[in-house]
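Colleague:
Number of protein chains: 2
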Amino acid sequence: MERLEDPPDVVIRRLPLYARSLRYLLDEEIHSVSSQELGERINVTAAQIRKDLSYFGEFGKQGIGYDVEKLLNHIERILGLDQSWPVILVGVGHLGQAIARYDGFHSQGLRIVGIFETDQHKIGQKIAHIEITDYALMPKVIRDTDVRLGIIAVPAAEAQSVADMLIDSGIRAILCYAPIILQTPDDVWVRYIDPVAVLHSMTYYLARENMP
Amino acid sequence: MERLEDPPDVVIRRLPLYARSLRYLLDEEIHSVSSQELGERINVTAAQIRKDLSYFGEFGKQGIGYDVEKLLNHIERILGLDQSWPVILVGVGHLGQAIARYDGFHSQGLRIVGIFETDQHKIGQKIAHIEITDYALMPKVIRDTDVRLGIIAVPAAEAQSVADMLIDSGIRAILCYAPIILQTPDDVWVRYIDPVAVLHSMTYYLARENMP
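Chains as they are written, first to last, in our numbering: chain E, 68 to 279; chain C, 68 to 279.
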């Protein structure tokens with residue numbers, strides 16, 4: 068088979084949005100969609116969608132559009148979502164608790180299989196049926212369960228040492244909620260959830276509206 | 068004054084990360100930094116930093132680097148952070164409560180001034196010293212206080228109607244935690260916090276590692 072060019076990361080980041088939008092279409096019992104219609108739903112141009120998908124093969128037919136279910140299945144397979152992914156969570160402050168209780172993970176192929184915390188008062192309690200485990204036991208659990216995705220929900224001052232321990236224990240991809248840029252090896256994926264930075268990227272535009 | 072070219076949005080999104088990194092440098096009492104050093108901290112090339120900053124004027128000197136405090140002040144001014152921004156929050160489920168309690172907003176020029184909810188059992192209670200207010204009163208509060216930033220932390224099924232009401236009442240920028248793409252007018256800024264999509268963009272790479 069001819070090997071296609073590797074897609075840039077920005078394309079990979081858009082695929083989950085395509086998948087989500089296609090899922091909504093299926094819920095609405097819409098079984099066929101043009102790149103134009105799909106684009107309008109996610110604020111991406113039709114040309115961008117066609118270009119993004121072209122990295123992964125041939126989809127849709129000129130004038131007919133995409134078969135929603137087929138395209139969704141294909142994108143889910145590309146994203147590795149034909150399997151379920153175990154995830155561990157470190158930190159159960161207010162944010163960690165909200166993450167642990169969020170039912171959107173489970174329905175989307177992501178299972179939280181371990182919750183770790185240093186606070187002895189919280190260890191042993193349960194959140195969403197999962198027992199909070201002593202952080203000291205985390206390396207062993209990661210090795211025993213072969214989990215490779217980790218979520219960091221600890222304060223910024225502790226995030227780097229948590230990341231180090233996650234990576235040492237075998238975690239290969241980290242979602243970090245702490246407002247810090249982690250120093251990590253090149254073969255580990257790190258993404259950030261950073262509401263303050265996102266809000267600041269909008270205050271830029273709002274501040275401009277006030278200018279003469 | 069010569070008018071500089073408008074910076075692309077991707078540059079605006081990086082500015083808050085530059086600002087944060089500069090703040091950390093100041094905390095460490097580092098007062099001068101090269102684009103190389105700054106870049107290493109945020110995983111951006113030195114050339115990218117120089118190019119990004121060039122949209123806003125002349126900073127730093129060849130061989131001397133940037134004055135950390137001056138550059139920080141300048142970026143904060145660019146982002147509109149020489150003023151404090153009122154923000155309202157809609158929804159106080161687990162996530163909304165974690166957002167309301169997050170102390171990272173206040174220290175970064177963002178003040179939550181109103182929390183709104185439809186659940187009559189929660190209305191009147193306080194989170195982080197702010198009283199939860201009846202959602203029906205939201206339009207009046209937005210108009211009276213001239214707040215223009217809103218955070219949506221309601222379930223996906225309610226997010227669009229909340230966004231519509233926010234925008235009708237005068238909100239100009241929305242941070243949406245619901246897993247949905249909002250339909251909004253062109254003159255309203257919308258950004259998303261979407262941990263599932265972000266995790267899915269990493270399962271793509273992890274799934275590839277297993278391939279023969």
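Heads up, the beta-carbon is just placed ideally off N, CA and C, and yes, glycines get one too.
Remember, it's a predicted structure, so these values are computed and weren't measured experimentally.
(1) Among residues of its own chain, excluding the 5 on either side of E/GLN103, which ones have a beta-carbon nearer than 8 Å to its beta-carbon?
(2) Do E/GLY181 and E/ILE155 come within 7 Å of each other at the CB atom, strictly closer than that value?
(3) What does E/SER88 touch in chain C if you count any residue whose Cβ is under 8 Å from its own?
(4) Would C/PRO153 and C/VAL214 qualify as a contact pair, given that the criterion is a beta-carbon distance under 7 Å?
(5) How long is the line joining the alpha carbons of C/GLU143 and C/MET232, rounded to whole angstroms?
(6) Identify each residue in the stretch 132 to 149 of chain E for which the Cβ-Cβ distance to at least one residue of chain C is less than 7 Å, and report them in chain order.
(7) Can you give me, in chain order, the residues of the stretch 257 to 272 of chain E that have a beta carbon less than 7 Å from any beta carbon in chain C?
(8) Along the chain, where does the beta strand (DSSP E) containing E/ALA240 start, and where does it finish?
(9) If the cut is a Cβ gap below 9 Å, which residues of chain E does C/LEU162 touch?
(10) With 16 other CB atoms within 10 Å as the buried threshold, where does E/ASP119 fall?
(11) Give me the chain E residues within the contact set of C/GLN282, using Cβ-Cβ distance strictly less than 7 Å, ordered along the chain.
(12) Taking CB distances under 7 Å as the criterion, tell me whether C/PRO83 reaches chain E.
(13) For the pair the stretch 265 to 277 of chain C and the stretch 238 to 248 of chain E, tell me if three or more CB-CB distances fall below 8 Å.
(14) Suppose you measure from the CA of C/PRO74 to the CA of C/PRO83; what does that come to, to the nearest Å?
(15) For E/GLN164, which residues in the same chain have their Cβ closer than 8 Å to its Cβ, ignoring the five residues on either side in sequence?
(16) For E/GLY191, does the count of other Cβ atoms within 10 angstroms reach 16, so buried, or fall short, so exposed?
(17) Just to confirm before moving on: does the CB-CB distance between C/ILE219 and E/ILE109 stay below 7 Å?
Modeller: In short, the structure shows the following:
(1) Contacts found: ALA113.
(2) Yes.
(3) Result: ILE248.
(4) Their beta carbons are under 7 Å apart, which means C/PRO153 touches C/VAL214 by this criterion.
(5) C/MET232 has its alpha-carbon roughly 30 Å from the corresponding atom of C/GLU143.
(6) Residues of the stretch 132 to 149 of chain E that bring their beta carbon within less than 7 Å of a beta carbon in chain C comprise ILE145, LEU146, GLY147, LEU148, in sequence order.
(7) Taking 7 Å as the Cβ-Cβ cut-off against chain C, the residues of the stretch 257 to 272 of chain E that qualify are ARG258, ILE260, PRO262, VAL263, ALA264, VAL265, LEU266, HIS267, SER268, MET269, THR270, TYR271, TYR272.
(8) For E/ALA240, the uninterrupted beta strand (DSSP E) segment begins and ends at 240 to 243.
(9) Taking a Cβ-Cβ cut-off of 9 Å, the neighbours of C/LEU162 in chain E comprise LEU162, ALA165, ILE166, ARG168, TYR169, given in sequence order.
(10) The residue in question, E/ASP119, is buried, as its Cβ has 16 or more Cβ neighbours within 10 Å.
(11) With chain C covering only 68 through 279, there is no way to say anything about residue 282 of chain C.
(12) Under the Cβ distance rule, C/PRO83 counts among the residues neighbouring chain E, one pair being separated by less than 7 Å.
(13) The stretch 265 to 277 of chain C, when compared against the stretch 238 to 248 of chain E, does touch it at the 8 Å Cβ threshold.
(14) Pairing C/PRO74 with C/PRO83, the inter-Cα distance amounts to about 14 Å.
(15) ILE194, listed in sequence order.
(16) Residue burial is scored here from C-beta neighbours: E/GLY191 has fewer than 16 other C-beta atoms within 10 angstroms and is therefore classed as exposed.
(17) It is not a contact, given that the beta carbons lie outside the stated cut-off.
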